[in-house]
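Trainee: Residue numbers (numbering that gives the first Met the number 0): 0 to 333. Backbone N, C-alpha and C fix where the C-beta goes; we use that ideal spot for every residue, glycine too.
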Amino acid sequence: MCGAAGDTASEPARGIAPLLSLILPLESPDFAAPASAVAAGCRSALQVDGNPLSVELSRTDAAPANVIAAYRAAIERGAAVIVGPMTRDSVTALAHQVKPSAPTLALNIPEGDAVLPPGFFSFGLSAEAEARLIARSAAEAGLRSAVVVQARSALARRMSQAFADEWFALGGSIPDVQDFSREANLSALRQRLAASKAELIFLSGDAADARLVAPYLARHIPIYAVSLVHTGRPDPLASADLEGIRLFEMPWLVQPDHPAVMVYPRPESLADELQRFYALGIDACRLAPLLAAHREALELDGVTGRIRMRAGGRIEREPVASVFRDGSAVPDRP
Numbered sequence: 000m001c002g003a004a005g006d007t008a009s010e011p012a013r014g015i016a017p018l019l020s021l022i023l024p025l026e027s028p029d030f031a032a033p034a035s036a037v038a039a040g041c042r043s044a045l046q047v048d049g050n051p052l053s054v055e056l057s058r059t060d061a062a063p064a065n066v067i068a069a070y071r072a073a074i075e076r077g078a079a080v081i082v083g084p085m086t087r088d089s090v091t092a093l094a095h096q097v098k099p100s101a102p103t104l105a106l107n108i109p110e111g112d113a114v115l116p117p118g119f120f121s122f123g124l125s126a127e128a129e130a131r132l133i134a135r136s137a138a139e140a141g142l143r144s145a146v147v148v149q150a151r152s153a154l155a156r157r158m159s160q161a162f163a164d165e166w167f168a169l170g171g172s173i174p175d176v177q178d179f180s181r182e183a184n185l186s187a188l189r190q191r192l193a194a195s196k197a198e199l200i201f202l203s204g205d206a207a208d209a210r211l212v213a214p215y216l217a218r219h220i221p222i223y224a225v226s227l228v229h230t231g232r233p234d235p236l237a238s239a240d241l242e243g244i245r246l247f248e249m250p251w252l253v254q255p256d257h258p259a260v261m262v263y264p265r266p267e268s269l270a271d272e273l274q275r276f277y278a279l280g281i282d283a284c285r286l287a288p289l290l291a292a293h294r295e296a297l298e299l300d301g302v303t304g305r306i307r308m309r310a311g312g313r314i315e316r317e318p319v320a321s322v323f324r325d326g327s328a329v330p331d332r333p
């Protein structure tokens, strides 16, 4: 269902300020906590940076039809810029069914890499985008042969496919793909990798998957993984086997003293797994005033990474090259 709009996210500027409508799945049991973290990050950004917009918060569930109804209502109320929706299903439905009359910053990417309509922009925490970034980084380092070691989950398969598509486009090869699970013979996996001539291992999975399989990975081969393997909390004991694994992580989690990061308040009571969404909210609501002003050729030193506008409405973020050291991810280069 669609909740009432108009909850105040920050005080309007003097006079009639342009309206930012924030559409988030705060009524969804599955997405309420991440959505609340995004809203908190947005409030922080607008308060710290100075708020040129009046802001309303539209509470929805995760049903695409209800999200689209909330979106159309925001347009009718004269929104100058819309931030949201947040779930992939809702972003996909909106991209296919709506022609934006106000700049719209979706906080996810549509299914199938769909073409975005004019005025529709996508920005988020895409694991697939990180997988493609890993492929480009490894290719730039001169590596050409990769082994994919993937968990048996839909997300792991999507990340593996994104890595492979980019890797093949760059001239790389993947001579071997290995699935793993708690039921698999991980000792056999270790033997197979020990004999591998590959130049890198792409580990596709989340933090639990990485901790399960890391002791069995060949350490004579560089290992790359997406930031899902990093919980955001230093844990030398639980993460000991992740030592040396390379990843790309947002500055919010690995560069707390960076000038672009330290100006924003850090909610210490927020759960570690929600810090990423708080950071996403900060950068989304730093981008929103720029989109409202139709500044589409933009670059931003964000708390989630270096942010650039790309063709077709894709807003790309480049996180920090990082590596696991003593149980935590740290920048690979000081």
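Is it a yes or a no for the segment 310-322 touching the segment 113-132, going by three-plus beta-carbon pairs under 8 Å?
Mentor: With the cut-off at 8 Å, the segment 310-322 and the segment 113-132 touch.
Trainee: How far does the alpha helix (DSSP H) with D48 in it extend, from its first residue to its last?
Mentor: Segment 31-48, the alpha helix (DSSP H) holding D48.
Trainee: Residues in its own chain within less than 6 Å of S238 by CB, not counting five upstream and five downstream?
Mentor: For S238, where only same-chain residues beyond five positions count, the Cβ hits under 6 Å are G326.
Trainee: Quick one: what does DSSP say E55 is sitting in, helix, strand or coil?
Mentor: E55: strand per DSSP, three-state reduction.
Trainee: From the DSSP output, which residues share a beta bridge with Q177?
Mentor: V148, per the DSSP bridge assignment.
Trainee: Flag this pair as touching only if the segment 40-53 and the segment 270-290 have three or more C-beta atom pairs under 8 Å; answer yes or no.
Mentor: Yes: at least three Cβ pairs fall under 8 Å.
Trainee: Can you have a look at E75 and say buried or exposed, based on whether 16 or more other CB atoms are within 10 angstroms of its CB?
Mentor: Exposed is the call here.
Trainee: Tell me the rounded alpha-carbon separation between A209 and A270.
Mentor: Answer to the nearest angstrom: the Cα atoms are 20 Å apart.
Trainee: Confirm, please, whether the CB-CB distance from F323 to E242 is below 7 Å.
Mentor: For E242 and F323, yes; Cβs fall inside 7 Å.
Trainee: Can you name the start and end residues of the beta strand (DSSP E) that R307 belongs to?
Mentor: 305-308 is the extent of the beta strand (DSSP E) around R307.
Trainee: Select from A61, P109, K196, L227 the residue whose C-alpha is nearest the C-alpha of L154.
Mentor: Taking only the C-alpha atoms, the option nearest L154 is L227.
Trainee: Check whether the segment 293-300 touches the segment 202-222, taking contact to mean three or more Cβ pairs, one atom from each stretch, closer than 8 Å.
Mentor: Counting Cβ pairs under 8 Å, fewer than three are found: no touch.
Trainee: Can you grab the Cα-Cα spacing for the pair P17 / V66, in whole Å?
Mentor: Looking at the two C-alpha atoms, the distance is approximately 22 Å.
Trainee: Assign E248 to buried or exposed, taking buried as 16 or more other Cβ atoms, counted over all protein chains shown, within 10 Å of its Cβ.
Mentor: Buried, by the Cβ-count rule.
Trainee: Among the candidates D240, S35, P250, whose CA atom is the shortest distance from the CA of V329?
Mentor: Ranking the options by Cα distance to V329, first place goes to P250.
Trainee: What are the residues that DSSP puts in a beta bridge with R324?
Mentor: R324 is bridged to S327.
Trainee: What three-state label does DSSP hand T86 in the structure shown?
Mentor: Residue state, collapsed to three classes: coil.
Trainee: Entirely within the segment 255-284 and at least 4 residues each: give me those alpha helix (DSSP H) ranges in chain order.
Mentor: Correct list: 258-261.
Trainee: Going by DSSP, which residues form a beta bridge with L299?
Mentor: In DSSP, L299 forms a bridge with I306.
Trainee: Considering only the alpha carbon of each residue, which of V146, A126, N184, L216 lies closest to R275?
Mentor: For R275, the nearest C-alpha among the options comes from A126.
Trainee: For V114, does the count of other Cβ atoms within 10 angstroms reach 16, so buried, or fall short, so exposed?
Mentor: V114 comes out exposed.
Trainee: Express the C-alpha separation of Q177 and F201 in angstroms, rounding to a whole number.
Mentor: Rounded to the nearest angstrom, the two C-alpha atoms are 10 Å apart.
Trainee: Buried or exposed for V82, please, with buried defined as at least 16 other CB atoms from any protein chain shown within 10 angstroms of its CB.
Mentor: The residue is buried, with at least 16 neighbouring Cβ atoms inside 10 Å.
Trainee: Three-state secondary structure (DSSP) at I222?
Mentor: The answer is strand: DSSP assigns I222 an E or B state.
Trainee: Give the single residue among V147, R143, V47, S186 whose Cα lies nearest to the Cα of G171.
Mentor: It is R143.
Trainee: What I want to know is whether the C-beta of E272 ends up closer than 6 Å to one or more non-hydrogen atoms of the ligand PLP.
Mentor: The ligand PLP is not among the ligands present in this structure, which contains no ligands whatsoever.
Trainee: Quick one: grab the DSSP three-state call for F120.
Mentor: Note: F120 maps to strand in three-state DSSP.
Trainee: When you compare the CB positions of L56 and M85, do they come within less than 7 Å of one another, or not?
Mentor: Contact: no.
Trainee: Just to confirm, is the Cβ distance from I281 to A32 under 7 Å?
Mentor: It is not a contact, given that the beta carbons lie outside the stated cut-off.
Trainee: What are the boundary residues of the alpha helix (DSSP H) that includes L188?
Mentor: Element bounds for L188: 185-193.
Trainee: Between S152 and the rest of its own chain, which residues show a CB-CB distance below 6 Å, the 5 nearest in sequence each way excluded?
Mentor: For S152, where only same-chain residues beyond five positions count, there are no Cβ hits under 6 Å.
Trainee: Between which two residues does the beta strand (DSSP E) carrying S159 extend?
Mentor: It is not in any beta strand (DSSP E) - S159 instead sits in the alpha helix (DSSP H) that spans 153-168.
Trainee: Could you tell me which residues DSSP puts in a beta bridge with L236?
Mentor: According to DSSP, which records beta bridges pairwise, L236 is partnered with nothing at all.
Trainee: Quick check on this structure: which residue in A68, A78, G40, E110 has the alpha carbon closest to the alpha carbon of V97?
Mentor: Per the Cα distances, A68.
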